[in-house]
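These notes concern the structure reproduced below.
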Amino acid sequence: MAVLAFDLDEPESRAARAQIERVVTEAARLLQAEGAPSQRAPELAPAIALLRSLDPGLSLEATRDEHGSPALLVARDGERPTLPLAGRVARALAERSSLPVLSRRVARPYAEVAAALARQGVDVAGVRVRAGLGRGHLVELAVTAPRGAADSAEARACVIEDAIRELLGEQLHDDWIGAVRVAAPRRGALPVVGGAREPATYPLAELGGLVRSAAAAVRAALPQAPRRRAAGSADWALLEVDADGPESDALPCADLVLASSCAPEAVRCFLGGGPFASARFSAVGETFAYVALPRGAASAQAALADRDVLGDAIDDALARGELGAVVGAGIGVERAYLFVALRELEASVPRVAAAARGRTGGWIGFCDDGWEGERVEVGG
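The numbers in my numbering rise by one with no breaks, and the one at position 314 of the sequence shown is 314.
Below, the structure is given as C-alpha cells:
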C-alpha cells in the first residue's frame, strides 16, 4: 500500500508519488490555459477530471486563504480520499500555481458566518458558547441558541455545528472538537443553590479564541521534550480493553485483549475509536503509530516475549537522533502490538521497519484520523 504522508523510499510509494506528479503537472497546465480560476466551475472541470484519476473523491474548488486572497482548495468528497493524498496533491499543485493551494478549508471571518446564520433565521446575538475539556483532550462545546420562528431543534443544531466548523477552519475543528451540544436558552431564572454560579458563556465571536486557549493549555501540560525509552514499569499504566462491546469489531486493533502504556491518554483514545489527532497528545510534533505483528501459532507467552524483544530493538533504533520511543504494548487474539511516538517520519519509520525485519505479515499503521490508508508493510 502506497504511503503518501511522507517520502518513504520503497517502490510502491515512489510510483504513487510519480503518478501524482504527472497528473498534477497536467492539471496545472490546464488551469493556466483556462486563466486565473474563478468561482465558475467549468474553468476547473478539466483539472478536476484529471485529479479524479488519482481518486474519484478528489475535487478542486476556488476559495480564499487565511488572508482573504484567492486560493484553490483540493477538496475531499467524504472520507475516501485520505488527508495525505489531498495534502500531497495540494503541495504539488502549489509548486506549479500562482495561487495558494490548500488541502483543508481555513476559518471564515466571523462577519461572513454571522451573516449566513442570520439569513437562516438564527439570532446570532443570542448565541452563547461554553467550552470544556473532555476525554482524549477533546474540546467539548455547549451552545445555547434561541429558537427560530419555525425551526426544529435538529435543524438548529445542524446549522450551528456547520457554523462552528466554518469559524474554526477544518484543521482546528477536526483535530480538537469533540461533542457539540446545542440547546435553546432556559426559560426563566432558577434559584441558585449553595451560592454556586452558572458556568461562564461567551459570544459566538469568541469561539476561536476559546478553542485555541484550551488547545494551548493541553499542549502546555504535555511533555515538552521528545519521548524517550520509558525508565521502568512504574511509568506504565494498564489499560482496560472492551473486547466484548457492541462495536468492538470496528475498533482499531479489534482483537486486542490487554494493553499498557506510558502515554495512556493517547493509546486509550486510539483504541476506543474516538477522534484522534497526534497534535492533541504531543507538544513537539510527534506522530503516534503502531506496529502489528501476527502471532501465528505462537503461545501468548512466546508472542509477548517476541514483542518485548522487538520493543527493545525499536527503542534502540529510535534513540539515535531522538526519533521516538515505544509508548505502549498490547497482546491480542491474532496479533501482538507496539505503540510508538515518532518524529521525522522519513527517518524514523524505516528504522522501525528495519527492526521488525523477519516478522512476516506485520505492518506499521498510523493513529491519526484520515491516515487509515497509510500502512507500511514490515517483515520482508
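The beta-carbon is built from N, C-alpha and C at its ideal position, and this holds for glycine as well.
Asked: Measuring straight from C-alpha to C-alpha, what distance separates Val291 and Ala184?; Found: 46 Å
Asked: Report the three-state DSSP secondary structure of Pro203 (helix, strand or coil).; Found: strand
Asked: So, for Leu73: in the same chain, excluding its five sequence neighbours on each side, which residues have a beta-carbon less than 6 Å away from its beta-carbon?; Found: Glu61, Thr63, Leu102
Asked: Looking at C-alpha atoms only, which residue of Pro350, Ala118, Gly328, Val129 is the closest neighbour of Leu338?; Found: Gly328
Asked: With three or more C-beta pairs closer than 8 Å as the rule, is the segment 265 to 272 touching the segment 133 to 141?; Found: yes
Asked: Of the choices Ala220, Asp55, Arg29, Arg280, whose alpha-carbon is the least far from that of Glu43?; Found: Arg29
Asked: Among Arg96, Asp315, Gln224, Cys269, which has the Cα closest to the Cα of Ala353?; Found: Asp315
Asked: Grab me the residues of Arg229's own chain with a C-beta within less than 8 Å of its C-beta, minus the 5 sequence neighbours each way, in chain order.; Found: Asp315, Ala319, Ala325, Val326
Asked: Does DSSP classify Thr82 as helix, strand or coil?; Found: coil
Asked: Along the chain, where does the beta strand (DSSP E) that runs through Phe281 open and close?; Found: Phe281 -> no beta strand (DSSP E), and no H or E assigned at all.
Asked: Just the C-alpha distance for Ala149 and Ala157, rounded to the nearest angstrom, thanks.; Found: Bear in mind that a pLDDT of 49 at Ala149, under 50, signals an unreliable position, so the number given afterwards is only what the model happens to contain. About 15 Å.
Asked: Report the rounded CA-to-CA distance for Ala289 versus Leu83, giving the unit in angstroms.; Found: 16 Å
Asked: In chain order, what residues of the same chain lie with their CB nearer than 8 Å to the CB of Arg307, ignoring the 5 residues before and after it?; Found: Leu293, Ala329, Ile331, Ala336, Tyr337, Leu338
Asked: Which of the three DSSP states, helix, strand or coil, is assigned to Pro350?; Found: helix
Asked: Assuming the contact rule is C-beta atoms closer than 8 Å, Val139 and Ile160 should be a hit. Round their C-beta distance to whole Å, please.; Found: That pair is no contact at about 15 Å.
Asked: Roughly how many angstroms separate the alpha carbons of Leu342 and Ser152, rounded to a whole number?; Found: 46 Å
Asked: Quick check on this structure: which residue in Val127, Val24, Gly274, Ala114 has the alpha carbon closest to the alpha carbon of Ala47?; Found: Val24
Asked: Under a Cβ-count criterion, where at least 16 other Cβ atoms within 10 Å of its own Cβ denotes burial, should Gly358 be classed as buried or exposed?; Found: exposed
Asked: To the nearest angstrom, how far is it from the Cα of Gln39 to the Cα of Val333?; Found: With a pLDDT of only 45 at Gln39, under 50, the local geometry of the prediction cannot be trusted, and the value read off the model is given with reservation. Spanning the two alpha carbons is a distance of roughly 53 Å.
Asked: Using only CA atoms, which one of Asp175, Val376, Leu207 lies nearest to Phe281?; Found: Asp175
Asked: Can you tell me whether DSSP reads Leu251 as helix, strand or coil?; Found: coil
Asked: Less than 8 Å between the C-beta atoms of Tyr202 and Leu167, yes or no?; Found: no
Asked: Applying the criterion that 16 or more other CB atoms from any shown protein chain within 10 Å of the CB defines a buried residue, is Val192 buried or exposed?; Found: Its pLDDT being 49, under 50, Val192 is placed unreliably in this model, and the value from its coordinates should be taken loosely. Result: exposed.
Asked: Identify every residue that forms a DSSP beta bridge with Tyr337.; Found: Ala292, Gly330
Asked: Thinking C-beta only, is Ala355 closer than 8 Å to Gly362?; Found: no
Asked: Of the residues Leu54, Val182, Asp312, Leu210, which one's Cα is nearest the Cα of Ala27?; Found: Leu54
Asked: Going along the chain, which residues of its own chain have a beta-carbon closer than 7 Å to the beta-carbon of Pro199, five neighbours each way excluded?; Found: Arg130
Asked: In whole angstroms, give me the CA-to-CA distance for Leu99 and Leu304.; Found: 53 Å
Asked: For Val113 and Pro275, what's the separation of their Cα atoms in angstroms?; Found: 25 Å
Asked: How would you write the range of the alpha helix (DSSP H) that Val113 sits in, first residue to last?; Found: 110 to 119
Asked: Just confirm the distance between the C-beta atoms of Ala347 and Gly321, as a whole number of angstroms; I'd bet it's less than 8 Å.; Found: 7 Å
Asked: Could you give the first and the last residue of the continuous alpha helix (DSSP H) run that contains Pro264?; Found: 264 to 271
Asked: What do you reckon, are the CB atoms on Glu286 and Arg227 nearer than 8 Å?; Found: yes
Asked: Can you tell me which of the three DSSP states Ser13 falls into?; Found: helix
Asked: So who's on the other strand from Arg128, going by DSSP bridges?; Found: Thr144, Pro203
Asked: Which residue marks the beginning of the beta strand (DSSP E) containing Arg76, and which one marks its end?; Found: 70 to 76
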